[in-house]
Amino acid sequence: MRMSQLFTKTSKTTPSDEVAKNAQLLIRAGYIHKMMAGVYSYTPLGLRVLENIKQIVREEMDAVDSQELIMSTLQNRDLWQETGRWSDDVVDVWFKSKLQDGTDVGFGWTHEEPIIALLRSHIKSYKDMPVKVYQFQNKLRNELRAKSGVMRGREFIMKDMYSVHATKQDLDKYYEEVIEAYKRCYDRLGIGDETYVTFASGGAFTKFSHEFQTICEAGEDDIFIVPSTNVAYNAEIAPVRSTPNPDAGAEMKPLGILDDENIIGAEALTKALDIPRTASTKSMLYDSSDGMLLAVVRSDYEINEDKLKAVADVSWLRLADGEQIEAATGAKLGFAGLYNLPENVRLFVDDSCEDMVNFETGANKTGQHAYNANWDRDVPRPSEFVEIKLAKEGDISPETGEVYQKRRTAEVGNIFNFGTQKSEEMNLVFTDENGQRQYAWMGSYGIGITRVMGVIVEKFADDKGLLWPENVAPYRFHLVAIGERGSELANKLYSDLADKGIGSLYDDRAERPGVKFADADLLGLPWRITISDRAIDNDGLFELTERKTGETRKLTYQQLLDFCLSR
């Protein structure tokens, strides 16, 4: 492609309304155009990057015997009501609308339900399985925040794959095959060395899942790695052994009541009582699908709502508002706790509280907190302490006793083993070898194509611009012509490469050398070939510069051609 004919141009101006580096650079380099927050159009250069990513993924999905299809973006409400996921209490990222005849529709944010609806008309017997299909499609999600560029958009391209099996064993085997296929994808995309298979929550999909998390400071997740095993957990699910309470075993003090309506929150309470955070509890009241519940952790921890949801076995939960709290406890917001807790509130206490003595907790009366409270004497000891804390820096793996390595990451893929959950919800059944009706076993596997593009930018870009791995770059070679005779020879190289089936980006513009070099760095192609009058006059050697290292070699024309053909 000649740059004189290339659609869109580079820009020296950084977009003022973008905070994400990936969006700033992709816009400046002319790969994307911002339509609105979290919504981007992809120019020919950007599309070539996306197609290269898709092709790598396509080849690896084909290698595990999956077939490509495409499903509709418009979704019928009735289909999603079968699993309860039309409800905004369960899934809060829907875009919804109505057809002119009044029919409620949504815009696809995932496709588990639609694929099952399709499969119900195709699967009758165990002989019809396994089925493995995938698609590349634009997804729409009504995200509250859209400040991460193409790494977290309201519209994005995703590869989603679904497999359906007659037995658990067959699904489990295929699930492991897909994990290995995903690893190959990320290796080929240039990010495999820093991408971890991570245990995670299933969110609105299922209870648990595996994520593929790439180390990236611009990411929105934290993972905790067990050093000796290299096993990784998302912060939302990382099992945590709490650090010991420094006051464990201390002599019990007389119970006291702090009565001050203006003192609310762990920081204010510990300051007023002159106690450490490890002597204070954090209590949060939640409304849930199974009524009101109180979650309590030691104040140096935060409550992990994913763990709480799993432990409480509820389909949804949300923080109770002031009216709900007062109705449940008789006290205003800020005074719920373990002391005098009404019996109708389900209680979940984290194991970080188990060895606490002389601790502070809400007294369930407006203005009041109890301090120097103790288990059994002042507060009934729970029959079971649970693990509902959010992992933090310095926490310990309960499996090995090691301190976790905490790393900032971006999620680039996820996979879910649904078992028979979805089939039971939507009545996907088949007849087995014995003529018995059985529910099918199902897995779901996703890779964010546009998100991978953004992560690559964030990881590899430098102060000069983008830096694409060779397998992803829109073109591998950037030809820069300087001078009249340099242009003539560059034209020849451009044509010779094209004749060999090798595309290149050729800067044939009437611009100063400095402008061309700056744009080459910004565009980020792996190799820059400079063909100039000076080189022709001096020694007939031309410059080959690697964008990644900045190292330059001088080669003859034939050596240049041979090098390009070898990549």
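Numbering (numbering that gives the first Met the number 0), first residue to last: 0 to 566.
Glycine included, every Cβ here is placed at the ideal spot set by N, Cα and C.
Because the structure is a prediction, the values reported are computed rather than measured.
Contact set for Thr360: own chain, Cβ-Cβ below 6 Å, skip 5 residues either direction: Within the same chain, Thr360 has close Cβ partners Thr280, Gly336, Leu337, Tyr338, Ala369 and Ala372.
Beta-carbon spacing of Gly45, Ile31 below 8 Å: In this structure, Gly45 places its C-beta atom within 8 Å of the C-beta atom of Ile31.
Contact belief for Asn21 with Gly523 at Cβ below 8 Å, rounded distance in angstroms: Wrong, their Cβ atoms sit about 12 Å apart, outside the cutoff.
Beta strand (DSSP E) runs wholly inside the stretch 12-39, at least 3 long, in chain order: With a minimum length of 3 residues, the unbroken runs of beta strand (DSSP E) contained wholly in the stretch 12-39 fall at 31-35.
Range of the contiguous alpha helix (DSSP H) that encloses Trp374: Segment: none, Trp374 is in no alpha helix (DSSP H) and carries neither H nor E.
Inter-residue spacing [alpha-carbon to alpha-carbon] between Asn413 and Asp520: Going from the Cα of Asn413 to the Cα of Asp520 covers about 33 Å.
Among Arg450, Asp377 and Glu266, the one whose alpha carbon lies nearest that of Val356: For the residues Arg450, Asp377 and Glu266, the minimum Cα distance to Val356 belongs to Asp377.
Close beta carbons around Val18, own chain, < 6 Å, minus the five adjacent residues each side: Only Lys146 meet the Cβ criterion.
The beta strand (DSSP E) enclosing Val130, as first and last residue numbers: Residue range Val130 to Leu139 is occupied by the beta strand (DSSP E) that includes Val130.
Sequence-distant residues of the same chain with beta carbon closer than 7 Å to Gln437, five excluded per side: Excluding the 5 residues flanking it on each side, Gln437 has same chain C-beta neighbours closer than 7 Å at Val428, Phe429 and Asp431, in chain order.
Enclosing beta strand (DSSP E) for Phe429 [first to last residue]: Phe429: member of the beta strand (DSSP E) spanning Val428 to Thr430, first to last residue.
Contact check, Leu292 vs Ala311, beta carbons under 8 Å: Yes, they are a contact pair.
Residue(s) in a DSSP beta bridge with Ala480: DSSP lists Ile530 as partners of Ala480.
Straight-line Cα distance separating Glu179 from Tyr285: So the two alpha carbons sit approximately 40 Å from each other.
Buried or exposed by the 16-neighbour rule on C-beta atoms within 10 Å, applied to Phe198: It counts as buried.
Contact belief for Ala25 with Val149 at Cβ below 8 Å, rounded distance in angstroms: One point to set straight first is that residue 25 is Leu, not Ala, in the sequence displayed. The pair is a contact, with the Cβ atoms about 7 Å apart (cut-off 8 Å).
Check whether Leu554 and Leu543 have beta carbons under 8 Å apart: Their beta carbons are under 8 Å apart, which means Leu554 touches Leu543 by this criterion.
Extent of the continuous beta strand (DSSP E) to which Gln404 belongs: Run containing Gln404: Gln404 to Gly418, per the beta strand (DSSP E) assignment.
Contacts around Ala249, its chain only, beta-carbon distance under 7 Å, and the 5 residues preceding and following it disregarded: Sequence-distant partners of Ala249 (beyond 5 residues in either direction) whose C-beta falls short of 7 Å from its own C-beta, in its chain, are Val356 and Asn357.
Meets three-Cβ-pair contact criterion under 8 Å: the stretch 165-174 and the stretch 386-403: For the pair of segments examined, the stretch 165-174 was found not to touch the stretch 386-403: the number of CB pairs separated by less than 8 Å stays below three.
CB-CB length for Thr419 against Ala439, believed under 8 Å: Rounded, the Cβ-Cβ distance is 7 Å, consistent with contact.
Meets three-Cβ-pair contact criterion under 8 Å: the stretch 221-239 and the stretch 264-274: No contact exists between the stretch 221-239 and the stretch 264-274.
Helix, strand or coil at Trp467 [DSSP, three-state]: Here Trp467 carries a coil assignment [DSSP, helix/strand/coil].
Minimum C-alpha distance to Asp394 - residue among Glu545, Thr242 and Ile501: Per the Cα distances, Thr242.
Glu322 - DSSP class collapsed to helix/strand/coil: Under the three-state reduction of DSSP, Glu322 is assigned to helix.
Candidates Pro397, Arg566, Lys182 and Arg1: closest to Pro226 by CA position: The residue with the shortest Cα to Cα distance from Pro226 is Pro397.
The beta strand (DSSP E) enclosing Ile221, as first and last residue numbers: Checking the displayed sequence, the identity of residue 221 turns out to be Asp instead of Ile. Residue range Asp220 to Val225 is occupied by the beta strand (DSSP E) that includes Asp221.
Helix, strand or coil at Met196 according to DSSP, with G and I counted as helix: The amino acid at residue 196 is misidentified as Met; the sequence shows Val. DSSP places Val196 within a strand segment (E or B) once states are collapsed to three.
Residue span of the alpha helix (DSSP H) that contains Asp518, given as start and end: Segment Pro512 to Leu522, the alpha helix (DSSP H) holding Asp518.
DSSP beta-bridge partners of Gln66: Gln66 is bridged to Val132.
Cβ contact (3+ pairs, closer than 8 Å) linking the stretch 379-389 and the stretch 293-307: The stretch 379-389 vs the stretch 293-307: in contact.
Three-state class that DSSP yields for Met157 in the structure shown: Under the three-state reduction of DSSP output, Met157 falls in the strand class.
Local conformation of Asp506 per DSSP, three classes: Asp506 falls in the strand class under three-state DSSP.
CA-to-CA distance, Glu112 to Lys421, given in whole angstroms: Rounded to the nearest angstrom, the two C-alpha atoms are 8 Å apart.
Beta carbon of Val104 nearer than 8 Å to that of Arg76: Contact flag set, yes.
Straight-line gap, Ser571 to Asp64 (C-alpha atoms, nearest Å): Since the first and last residues shown for the chain are 0 and 566, residue 571 lies out of range.
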